[in-house]
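Here the working numbering is used: the first residue of the sequence shown is 72, the next is one more, and so on.
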Amino acid sequence: MASNSDSIYNVMFYIVHHPAEITFTTPEYTNVVRMAIPDRIKVANPEIYFPDNKLLVNRFQEDFVAKNGNILDFFFDYTEKKVPNYHEVWVSTAHLPSKNMYFLELSFE
(Lines of atoms letter the chains of each structure in order from A and count residues from 1; the text may use other names and numbers.)
(Lines give C-alpha, C1' and ligand atoms only; values in the text may rest on other atoms or scores of the structure.)
Protein backbone atom coordinates (compact mmCIF):
# COMPACT_ATOMS: atom_id res chain seq x y z
CA MET A 1 0.00 0.00 0.00
CA ALA A 2 1.36 3.39 -0.97
CA SER A 3 0.72 5.00 2.39
CA ASN A 4 3.14 2.67 4.15
CA SER A 5 6.06 3.54 1.97
CA ASP A 6 9.34 5.02 3.00
CA SER A 7 8.43 8.02 0.84
CA ILE A 8 5.50 9.04 3.06
CA TYR A 9 7.51 8.37 6.21
CA ASN A 10 10.39 10.47 4.87
CA VAL A 11 8.06 13.38 4.12
CA MET A 12 6.64 13.16 7.63
CA PHE A 13 10.17 13.04 9.06
CA TYR A 14 11.11 16.11 7.03
CA ILE A 15 8.08 17.99 8.35
CA VAL A 16 8.97 17.14 11.96
CA HIS A 17 12.48 18.52 11.47
CA HIS A 18 11.58 21.53 9.28
CA PRO A 19 8.17 22.77 10.52
CA ALA A 20 8.93 26.38 9.52
CA GLU A 21 8.85 25.34 5.85
CA ILE A 22 5.41 23.76 6.14
CA THR A 23 2.04 25.45 5.93
CA PHE A 24 -0.39 23.93 8.39
CA THR A 25 -4.05 24.69 7.72
CA THR A 26 -7.02 24.32 10.02
CA PRO A 27 -9.43 21.73 8.67
CA GLU A 28 -13.05 21.65 9.72
CA TYR A 29 -12.58 18.35 11.59
CA THR A 30 -11.03 18.03 15.05
CA ASN A 31 -9.18 14.78 14.27
CA VAL A 32 -7.39 15.96 11.13
CA VAL A 33 -4.12 17.76 10.40
CA ARG A 34 -3.62 19.23 6.92
CA MET A 35 -0.32 20.47 5.49
CA ALA A 36 1.15 21.98 2.35
CA ILE A 37 4.77 21.13 1.58
CA PRO A 38 6.86 22.89 -1.08
CA ASP A 39 7.29 20.53 -4.04
CA ARG A 40 10.99 21.39 -4.25
CA ILE A 41 11.47 18.88 -1.43
CA LYS A 42 12.74 15.61 -2.84
CA VAL A 43 10.23 12.77 -2.68
CA ALA A 44 10.87 9.28 -3.98
CA ASN A 45 8.34 8.29 -6.64
CA PRO A 46 6.16 11.39 -6.33
CA GLU A 47 4.06 10.24 -9.29
CA ILE A 48 2.91 7.32 -7.12
CA TYR A 49 2.61 8.94 -3.71
CA PHE A 50 1.68 12.52 -4.70
CA PRO A 51 -0.29 12.27 -7.96
CA ASP A 52 -0.85 15.51 -9.90
CA ASN A 53 -4.23 17.10 -9.14
CA LYS A 54 -5.61 13.84 -7.82
CA LEU A 55 -6.19 12.76 -4.23
CA LEU A 56 -4.67 9.47 -3.07
CA VAL A 57 -6.18 8.09 0.15
CA ASN A 58 -4.91 5.10 2.12
CA ARG A 59 -5.03 3.74 5.64
CA PHE A 60 -1.72 3.14 7.38
CA GLN A 61 -1.32 -0.52 8.29
CA GLU A 62 -1.55 -1.39 11.99
CA ASP A 63 2.14 -2.28 12.20
CA PHE A 64 3.09 1.10 10.68
CA VAL A 65 1.00 2.91 13.30
CA ALA A 66 2.46 0.80 16.11
CA LYS A 67 6.05 1.24 14.93
CA ASN A 68 5.78 5.00 14.22
CA GLY A 69 3.73 6.19 17.18
CA ASN A 70 6.20 8.93 18.13
CA ILE A 71 6.11 10.64 14.75
CA LEU A 72 2.34 10.18 14.46
CA ASP A 73 1.87 11.69 17.94
CA PHE A 74 3.78 14.77 16.73
CA PHE A 75 1.12 15.29 14.06
CA PHE A 76 -1.72 14.34 16.41
CA ASP A 77 -0.70 17.29 18.59
CA TYR A 78 -1.80 19.59 15.72
CA THR A 79 -5.38 18.30 16.00
CA GLU A 80 -7.90 19.65 18.47
CA LYS A 81 -8.03 16.33 20.28
CA LYS A 82 -6.31 16.09 23.65
CA VAL A 83 -5.71 12.37 24.22
CA PRO A 84 -3.98 10.33 21.50
CA ASN A 85 -6.33 7.34 21.58
CA TYR A 86 -6.47 6.74 17.83
CA HIS A 87 -6.40 3.24 16.37
CA GLU A 88 -6.31 4.05 12.67
CA VAL A 89 -4.58 6.76 10.67
CA TRP A 90 -5.66 7.66 7.17
CA VAL A 91 -3.33 9.57 4.88
CA SER A 92 -4.39 11.65 1.88
CA THR A 93 -1.82 13.02 -0.54
CA ALA A 94 -1.71 14.97 -3.78
CA HIS A 95 0.55 17.21 -5.82
CA LEU A 96 -0.80 20.67 -6.66
CA PRO A 97 1.47 21.77 -9.54
CA SER A 98 -0.21 25.17 -9.94
CA LYS A 99 0.73 25.97 -6.33
CA ASN A 100 4.10 24.15 -6.37
CA MET A 101 2.98 22.20 -3.31
CA TYR A 102 2.45 18.70 -2.06
CA PHE A 103 -0.70 18.18 -0.02
CA LEU A 104 -0.62 15.87 3.01
CA GLU A 105 -3.53 15.20 5.35
CA LEU A 106 -3.61 12.81 8.29
CA SER A 107 -6.89 11.71 9.83
CA PHE A 108 -6.77 10.04 13.25
CA GLU A 109 -9.63 7.60 13.91
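C-beta atoms are modelled at their ideal positions from N, C-alpha and C, and glycine is treated no differently. Remember, it's a predicted structure, so these values are computed and weren't measured experimentally.
* Asked: So, are the CB atoms of residue 142 and residue 179 less than 8 Å apart?
  -> Walking along the sequence shown from the start, residue 142 turns up at place 71. Walking along the sequence shown from the start, residue 179 turns up at place 108. Taking a C-beta distance under 8 Å as the contact criterion, residue 142 and residue 179 do not qualify as a contact pair.
* Along the chain, which unbroken stretches of the alpha helix (DSSP H) at least 4 residues long are found entirely within the stretch 101 to 130? -> The stretch 101 to 130 contains, as complete alpha helix (DSSP H) runs of 4+ residues, the segments 117 to 120 (chain order).
* Contact check, residue 93 vs residue 108 under 8 Å by CB: the rounded distance? -> Taking the sequence shown and counting its residues from 1, the one referred to as residue 93 is at position 22. Taking the sequence shown and counting its residues from 1, the one referred to as residue 108 is at position 37. Under the criterion of beta carbons closer than 8 Å, residue 93 and residue 108 qualify as touching, at roughly 6 Å.
* Mapping DSSP to helix, strand and coil, what is residue 163? -> Indexing the sequence shown from 1 puts residue 163 at position 92. DSSP places residue 163 in strand when its eight states are reduced to three.
* Beta-carbon contacts of residue 111 that lie in its chain and below 8 Å, excluding the five residues immediately before and after -> Indexing the sequence shown from 1 puts residue 111 at position 40. Once the five neighbours on either side are set aside, the close Cβ partners of residue 111 are 171.
* To do: Could you tell me the boundaries of the alpha helix (DSSP H) in which residue 149 lies?
  => As a first step, residue 149 is located in the sequence shown; it is residue number 78 there, counting from the start. For residue 149, no alpha helix (DSSP H) run applies, since DSSP gives it neither H nor E.
* **Contact check, residue 176 vs residue 130, beta carbons under 8 Å** => Here residue 176 is taken as the residue at index 105 of the sequence shown, counted from 1. Here residue 130 is taken as the residue at index 59 of the sequence shown, counted from 1. It is not a contact, given that the beta carbons lie outside the stated cut-off.
* Asked: Smallest Cα separation from residue 156: which of 148, 162, 163?
  -> Here residue 156 refers to the residue found at position 85 of the sequence shown. Considering only alpha carbons, the answer is 148.
* Asked: Does the distance from the C-beta atom of residue 122 to that of residue 165 stay below 8 Å?
  -> To locate residue 122, count along the sequence shown from 1; it is residue 51. To locate residue 165, count along the sequence shown from 1; it is residue 94. Yes.
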